[in-house]
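If you're matching positions, the sequence shown starts at 0 in numbering that gives the first Met the number 0 and goes up one per residue.
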Amino acid sequence: MNFDTPHHFILTTSSIISILLIIYALRNRHANGAISFAWLMACALVWSFGYTFEILVESFEAKKFWMRFSQVGIYGSAYCYFIFALQYCGHDKWGKGKYLVPICLPLIVTLILIWTNDHHFLLHTNVSLEQVRSLTVIQYDRTMISLLFIVYAYFLICISFFILYRSYKHSIHPFNRQYVLLITGLLIPVISMLLDLFDFNPFAPFAPTSIVLIFSGLFIAWGLFRYRLFYIWPIARDQLIEKMKSGVIVTDISGTLIDQNPAASEIIIQDFRNFGQGPLTLGHNWYERLDEYEQWKKSYSNLREVQIEVSPDSKVYYEVSVSPLKNHKGEFIGHLTTLMDITSRKWTEKRLFIQATTDYLTRVHNRRHFVDLSRSEFAKSLEKQTPFSLMIIDIDFFKSINDTYGHNVGDQVLHQFATICSDLFEHDEIFGRIGGEEFALTLPQTSLNQAFETAKKIQQTFEHTELTAGIKLTLSIGLSTKEENDTFDHLLLEADQLLYEAKEERNTIKTPSTFNL
Numbered sequence: 000m001n002f003d004t005p006h007h008f009i010l011t012t013s014s015i016i017s018i019l020l021i022i023y024a025l026r027n028r029h030a031n032g033a034i035s036f037a038w039l040m041a042c043a044l045v046w047s048f049g050y051t052f053e054i055l056v057e058s059f060e061a062k063k064f065w066m067r068f069s070q071v072g073i074y075g076s077a078y079c080y081f082i083f084a085l086q087y088c089g090h091d092k093w094g095k096g097k098y099l100v101p102i103c104l105p106l107i108v109t110l111i112l113i114w115t116n117d118h119h120f121l122l123h124t125n126v127s128l129e130q131v132r133s134l135t136v137i138q139y140d141r142t143m144i145s146l147l148f149i150v151y152a153y154f155l156i157c158i159s160f161f162i163l164y165r166s167y168k169h170s171i172h173p174f175n176r177q178y179v180l181l182i183t184g185l186l187i188p189v190i191s192m193l194l195d196l197f198d199f200n201p202f203a204p205f206a207p208t209s210i211v212l213i214f215s216g217l218f219i220a221w222g223l224f225r226y227r228l229f230y231i232w233p234i235a236r237d238q239l240i241e242k243m244k245s246g247v248i249v250t251d252i253s254g255t256l257i258d259q260n261p262a263a264s265e266i267i268i269q270d271f272r273n274f275g276q277g278p279l280t281l282g283h284n285w286y287e288r289l290d291e292y293e294q295w296k297k298s299y300s301n302l303r304e305v306q307i308e309v310s311p312d313s314k315v316y317y318e319v320s321v322s323p324l325k326n327h328k329g330e331f332i333g334h335l336t337t338l339m340d341i342t343s344r345k346w347t348e349k350r351l352f353i354q355a356t357t358d359y360l361t362r363v364h365n366r367r368h369f370v371d372l373s374r375s376e377f378a379k380s381l382e383k384q385t386p387f388s389l390m391i392i393d394i395d396f397f398k399s400i401n402d403t404y405g406h407n408v409g410d411q412v413l414h415q416f417a418t419i420c421s422d423l424f425e426h427d428e429i430f431g432r433i434g435g436e437e438f439a440l441t442l443p444q445t446s447l448n449q450a451f452e453t454a455k456k457i458q459q460t461f462e463h464t465e466l467t468a469g470i471k472l473t474l475s476i477g478l479s480t481k482e483e484n485d486t487f488d489h490l491l492l493e494a495d496q497l498l499y500e501a502k503e504e505r506n507t508i509k510t511p512s513t514f515n516l
């Protein structure tokens, strides 16, 4: 062996560096991409180690052995490039299990053919020793099969860079710096390999690619300290978007569907059955699907973010967010639409609203909600100058019902009373329980004469209706109506005072003194 060449020192140094990088990567093996990086450096070590001895040994057979040994690192590094890109960008499932064998198979076949080439010469022919400058190297001719395997190896490398570049395009600052560093570090050895492959190597016959790969690994390792590459890693678009439960739809300026995630397609199929024809298909016009949803369709004419609620069947609810998309020049290029299922939230809100506004026993409006709704209707009445009446109803002798039959029966009577009253009214009336056995009824667009007829109808209904335990009710009613410059609070107070007068007589209706029966 000849140890007096400078190549020996360079190759030995690079081998030591690769060993240190492997150790460092394995110590951080839980970090994303660290294991595949360690394998890449292991391939570089095999490559460098084999090439070192290929140069140092003198016999033809020994040189062929170490050349084949280094080929393991060369072809293995192509696969490690691919796996590293997958793992770092969050697509590591493609480098595992059932996908692993078909990806590895061509490389395994290549290595088998390399080690058995002396028996079939399918990869290399005319293998010989040649003295070039100070080095004795092996020269050979590549066969077409050999070129096919080389093309496959470079294909894996190209796919690796495509994966990294695609993730770079979807990344944001400061994560994009990581991709720039990785792509730069991994690209330099590839350039060196291409120069050597096409006989443009300025250092020929010495092939420095294994050394370049190791020093590129050192450059990437520096990124471990500078940017903590394997710890602070951006979540890939596919992993984030494809696994989102919310639907994501991307359209261009004309409304053509150019991207969607599985959740979007599932939402449209399951919950928007009348939403156009069939499932979403890329390339079709998205706006044509929105003819039944005018507000949703109109939101695409805005150049700002719009959020609306959409309910296809009143059973499910979606929050639709439409955001404009712009390129790096700030030019509008399309819209991003997200569909978030808010059904659970809406039903919770409805349940809480009902609890806050409904009397728990009778299921009609409670006092606060009754007053709020009535006050709003009163304001409309003032604005439109329409009639407005209000009555307060009290169940006569209700205390004796509780005393005689018990509070359970009393509660049933209140519930039945509220239910029967609710069935008597039209849609515009507002009915609520305002306390104990007292109920109130607001009658928008109703004169006092009409309100009086309604009050008599209520009284007569319960005079002829048997409730729980055969109980029949009589009612005392105070009735007021809006006058000029009146207020709702005054109207409510007047009805309450008239009710007090009615309760003195029982089973009667009291109206303002200005009203003539």
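Here a beta-carbon is modelled for each residue, glycine too, at the ideal position from N, C-alpha and C. All values derive from a computational prediction rather than experimental measurement.
Looking at the DSSP output, Gln-259 sits in a beta bridge with Ile-248. For Gln-415, the secondary structure class from DSSP, reduced to helix, strand or coil, is helix.
With contacts defined by Cβ atoms closer than 7 Å, Glu-57 and Met-66 do not form a contacting pair. Of all alpha-carbon atoms in Asp-422, Phe-48, Glu-436, the one lying nearest the alpha-carbon of Thr-453 is that of Asp-422. In this structure Glu-376 is buried. Its beta-carbon is surrounded by 16 or more other beta-carbon atoms within 10 angstroms. If you draw a straight line from the Cα of Gly-282 to the Cα of Ser-253, it comes to about 11 Å.
When rounded, the separation of the alpha-carbon atoms in Trp-114 and Val-100 is 20 Å. Taken through DSSP and simplified to helix, strand or coil, Lys-509 comes out as strand.
Here Thr-109 is buried, its C-beta having at least 16 other C-beta atoms within 10 Å. Residue burial annotation: Trp-221 is exposed, with fewer than 16 other C-beta atoms found within 10 angstroms of its C-beta. For the set Phe-81, His-414, Thr-11, the Cα lying nearest the Cα of Phe-36 is the one of Phe-81. By the neighbour-count criterion, in which 16 or more other beta carbons inside 10 Å mark a residue as buried, Ala-152 falls on the buried side. Judged by DSSP in its simplified three-state form, Met-66 adopts helix. Counting the other CB atoms within 10 Å of its CB gives His-406 a total below 16, which places it among the exposed residues. According to the DSSP assignment, Thr-336 belongs to the beta strand (DSSP E) that extends over 331 to 340. Two segments are said to touch when three or more pairs of C-beta atoms, one from each, lie closer than 8 Å; by this definition the segment 42 to 51 does not touch the segment 111 to 127.
When secondary structure is reduced to three states using DSSP, Thr-473 falls in the coil class, being assigned neither helix nor strand. Beyond the five residues adjoining it in sequence on each side, Val-249 comes within less than 8 Å, by CB distance, of Leu-256, Ile-257, Asp-258, Gln-259, Leu-324, Gly-333, His-334, Leu-335, Thr-336 in the same chain, given in chain order. Short of 6 Å from the beta carbon of Gly-72, and not among the five residues preceding or following it, lie these beta carbons of its own chain, in chain order: Cys-42, Val-45, Trp-46. The C-beta distance from Glu-308 to Tyr-316 rounds to 6 Å, short enough to meet the 8 Å contact threshold.
Under a 10 Å Cβ-count criterion, Ala-378 is classified as exposed, with fewer than 16 other Cβ atoms of the shown protein chains found around its own Cβ. About 17 Å separates the beta carbons of Leu-474 and Gln-496, which is beyond the 8 Å limit, so they are not a contact pair. When the Cα atoms are used, Leu-163 and Leu-155 turn out to be separated by approximately 12 Å.
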